[in-house]
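Taking it in order: structure first as structure tokens, then the write-up.
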Amino acid sequence: MRLNKMLALGLAAMMTMGLAGCGSSGSTTATTAAPAEQKATEAAAESKEAETTAAATAGGELTDPVQLTFAAQEVGTAAYNYAAALQTVMLKGLPANSTINITTTSPGGVGAPIIVNGGAQCDIVMSNSAPAKWSFEDGILGNEKTEDIACLAGGLGHDFINVMFTKAFVDKTGISTLEELVEQKYPVKIVIKKDGTLGELSAEKVFEALGVTFDDIQSWGGTVEKTGGDAIKSGLQDDIYDMTIDHIGAGQSNTTELCLTHDMVDIQLADSTLEKLAGMGYDYITVDAGTWNGQDTDIKTVGSQQCILVPASMDADLAYALTKAVCENASELGDAVASMSYFNPETAGTSTLTGVQLHEGARRYYEEMGYSVD
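Just so you know, we're using my numbering here: the sequence shown kicks off at 1365 and counts up by one.
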């Protein structure tokens, strides 16, 4: 009996040791598995972070600060005001510590494509879309074609071709349209802005649409005077000249004063003439009645709006970020500069407003948003 009890106690002790061994073995397994599971979790997290970073990069988000130059004209000009407004919103889309330095080196809307071509003198510049188109396709102001330019957004303004006769000229000749004047080869006295301005180029393009040149007008006995804005105003006020053509915006000071102090007639171009001008790169615009003193009806015309040009070689993600910042802060632009309230991101990528090719980064943004591009 005593032997049986001893055997029973021995067996119990062995079972206890066995159970303890099993428990110890289980703990060892759990302890070994924990680091492996943690590594797998960390690897998955790193993979997800990499995917997120890649997606952000594909969407145009930048991580490193950038330093850019934005060429404008002198302080106080419309070009400088545009640049300052754009500088503010563009910085919102760039990494911290990025800078956009505004310089006063832009020659204006006509010459602007030249200085941004290939990043020659700046990274960003404002231009009118039609001169940008002419510069890209044929060269402008005696320069070679600017093939390394692209657009981020167009339609930032509401400028238009403005054709006016003096009332004295209309009363004297009975001519009330430009098409009549050309058909009659009338020896008209024209005054326009100086060479190198969009006003002068636009006047040239208007007559080109009618199949004539300034030389033709002079051959009829007419004159074409090129001068500054104040001289144009005073010359028309004194009836030294019969007519003018310009590319301006509503409220332009010299034209406003002219119409308040002298009887002028706003001239409606024929649909066929407007169609030819649109084919040259201008876009259709309506000048509302009352824009100028004495203007009782709407005038259908065309214009070339401001666009944002960069080198075509600009980094695509940077171009995407700049375009996104401009479009997503459109209302702020309108608050800063009244004429920029016409800017519509949904049409900002269309060719009539861009003048030249869209930058690939800008195109990516518009396509993601479902906006029109062509």
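Glycine included, C-beta positions come from ideal geometry on N, C-alpha and C.
Of the choices Asn1492, Met1628, Gly1586, Ala1614, whose alpha-carbon is the least far from that of Asp1602? Within the sequence shown, residue 1602 is the residue found at index 238, counting from 1. The candidate whose alpha carbon is nearest that of Asp1602 is Met1628.
Comparing alpha-carbon positions, which option in Ala1494, Asn1461, Leu1450, Gly1440 lies nearest Thr1468? In the sequence shown, counting from the first residue as 1, residue 1468 sits at position 104. Measuring from the Cα of Thr1468, the nearest candidate turns out to be Gly1440.
Return the chain-ordered list of same chain residues with a C-beta closer than 7 Å to the C-beta of Leu1426, the five sequence neighbours on each side being excluded. By one-based count along the sequence shown, residue 1426 stands at place 62. Leu1458, Pro1459, Asp1681, Leu1682, Ala1685.
Residue closest to Cys1623, alpha-carbon to alpha-carbon, out of Trp1656, Cys1486, Asp1487, Phe1707: Within the sequence shown, the letter at position 259 stands for residue 1623. Closest option to Cys1623, Cα to Cα, is Trp1656.
Residue range of the alpha helix (DSSP H) that Asp1579 falls in? Taking the sequence shown and counting its residues from 1, the one referred to as residue 1579 is at position 215. 1578-1583 is the span of the alpha helix (DSSP H), which, as asked, contains Asp1579.
Drop a sphere of 10 angstroms on the beta-carbon of Thr1718, count the other beta-carbons inside from all chains shown, and report buried for 16 or more, exposed for fewer. Walking along the sequence shown from the start, residue 1718 turns up at place 354. That one is buried.
Just how far apart, CA to CA, sit Leu1691 and Lys1456? What you label residue 1691 is simply residue 327 of the sequence shown in a count that begins at 1. What you label residue 1456 is simply residue 92 of the sequence shown in a count that begins at 1. Note on identity: in this sequence residue 1691 is Cys, with Leu being the wrong assignment. Answer to the nearest angstrom: the Cα atoms are 12 Å apart.
With DSSP as the reference, please indicate the residues paired to Phe1529 in a beta bridge. Locating residue 1529 in the sequence shown gives position 165, where the first residue counts as 1. Its beta-bridge partners are Met1607, Val1629.
Looking only at its own chain, which residues have a Cβ that is under 6 Å from the Cβ of Glu1696, when we skip the five neighbours before and after it? Translated into the one-based positions of the sequence shown, residue 1696 becomes position 332. Answer for Glu1696: Val1453, listed in chain order.
Smallest Cα separation from Tyr1735: which of Thr1687, Thr1619, Ala1702, Asp1660? As a first step, residue 1735 must be located in the sequence shown, where it is residue number 371. Minimum Cα distance to Tyr1735 is reached at Thr1687.
Considering only their Cβ atoms, is the gap separating Val1430 from Pro1675 smaller than 8 Å? Translated into the one-based positions of the sequence shown, residue 1675 becomes position 311. Translated into the one-based positions of the sequence shown, residue 1430 becomes position 66. Their beta carbons are not under 8 Å apart, which means Pro1675 does not touch Val1430 by this criterion.
Could you say which of Thr1637, Ser1668, Val1474, Gln1632 lies nearest to Asp1662 if we only look at CA atoms? What you label residue 1662 is simply residue 298 of the sequence shown in a count that begins at 1. Asp1662 has its Cα closest to that of Gln1632, out of Thr1637, Ser1668, Val1474, Gln1632.
Round the Cβ separation of Ile1525 and Thr1665 to the nearest angstrom and send it over; I've been treating them as touching at under 8 Å. Taking the first residue of the sequence shown as 1, we reach residue 1525 at position 161. Taking the first residue of the sequence shown as 1, we reach residue 1665 at position 301. That pair is a contact at about 5 Å.
What residue does the alpha helix (DSSP H) around Gln1670 start on, and which one ends it? Here residue 1670 is taken as the residue at index 306 of the sequence shown, counted from 1. Where Gln1670 is concerned, there is no enclosing alpha helix (DSSP H), although the beta strand (DSSP E) it sits in stretches over 1670-1675.
Compare the C-alpha of Thr1577 against each of Val1546, Leu1638, Ala1532 and name the closest. For the purposes of this step, residue 1577 is identified with residue 213 of the sequence shown, where counting begins at 1. The option with the nearest alpha carbon to Thr1577 is Val1546.
In or out: Thr1463 buried (at least 16 other Cβ within 10 Å) or exposed? Taking the sequence shown and counting its residues from 1, one reaches residue 1463 at position 99. Per the 10 Å Cβ criterion, exposed.
Given 8 Å as the limit, is there contact between the segment 1556-1565 and the segment 1641-1654, that is, 3 or more CB pairs closer than that? no
Residue interval of the beta strand (DSSP E) (run including Ile1649): Along the sequence shown, one-based indexing puts residue 1649 at 285. Element bounds for Ile1649: 1647-1651.
By the three-class DSSP mapping on this structure, what secondary structure does Cys1486 have? By one-based count along the sequence shown, residue 1486 stands at place 122. Here Cys1486 sits in coil by DSSP.
Cα-Cα separation between Thr1433 and Thr1587, rounded to whole angstroms: By 1-based counting over the sequence shown, the position of residue 1433 is 69. By 1-based counting over the sequence shown, the position of residue 1587 is 223. Going from the Cα of Thr1433 to the Cα of Thr1587 covers about 42 Å.
Using 8 Å as the threshold, is the segment 1699-1706 in touch with the segment 1723-1733, meaning 3 or more CB pairs across them? no
Cβ-based burial, Gln1548 [other Cβ within 10 Å; buried from 16]: In the sequence shown, the residue the question calls residue 1548 occupies position 184. Gln1548 comes out exposed.
Label Thr1530 either buried or exposed according to how many other C-beta atoms from any shown protein chain fall within 10 Å of its C-beta, with 16 as the threshold for buried. Working through the sequence shown from its first residue, we reach residue 1530 at position 166. So Thr1530 counts as buried.
Leaving out five residues on either side along the sequence, give the residues of the same chain with a beta carbon under 8 Å from the beta carbon of Ile1478. Against the sequence shown, residue 1478 aligns to sequence position 114. Around Ile1478: Pro1471, Ala1484, Ser1499, Ile1504, Leu1505, Asn1507, Thr1510.
Within a Cβ cutoff of 7 Å, which residues of the same chain sit near Pro1709, ignoring the five residues on either side of it in sequence? Here the question's residue 1709 lines up with position 345 in the sequence shown. Same-chain partners within the cutoff: Cys1691, Ala1694, Tyr1735.
Does Gln1669 pass the burial test, meaning 16 or more other C-beta atoms within 10 Å, or should it be called exposed? Mapped onto the sequence shown, residue 1669 falls at position 305. By the neighbour-count rule (16 or more Cβ atoms within 10 Å), Gln1669 is buried.
Quick check on the DSSP output: the alpha helix (DSSP H) that includes Asn1461 runs from which residue to which? On the sequence shown, position 97 is the one that residue 1461 refers to. Counting along the chain, Asn1461 falls outside any alpha helix (DSSP H), and DSSP gives it neither H nor E.
Does the CB of Gly1483 have a neighbour CB from chain D at under 8 Å? Checking the listed chains, one finds no chain D in this structure; it contains a single protein chain.
Assign Glu1544 to buried or exposed, taking buried as 16 or more other Cβ atoms, counted over all protein chains shown, within 10 Å of its Cβ. Here residue 1544 is taken as the residue at index 180 of the sequence shown, counted from 1. It counts as exposed.
Name the residue from Gly1521, Glu1438, Ala1449 whose alpha carbon lies nearest to the alpha carbon of Ala1614. For this step, residue 1614 is matched to residue 250 along the sequence shown. Ranking the options by Cα distance to Ala1614, first place goes to Gly1521.
I believe Asp1610 touches Gly1645 by the beta-carbon criterion, under 8 Å. Please report the beta-carbon distance rounded to the nearest angstrom. Residue numbering aside, residue 1610 sits at position 246 when the sequence shown is read from its first letter. Residue numbering aside, residue 1645 sits at position 281 when the sequence shown is read from its first letter. Contact doesn't hold; Cβ gap of about 17 Å is too wide.
Here's the rule: buried if 16 or more other CB atoms are within 10 angstroms of the residue's CB, otherwise exposed. What is Gly1713? Here residue 1713 refers to the residue found at position 349 of the sequence shown. Counting Cβ neighbours within 10 Å, Gly1713 comes out buried, since at least 16 surround it.
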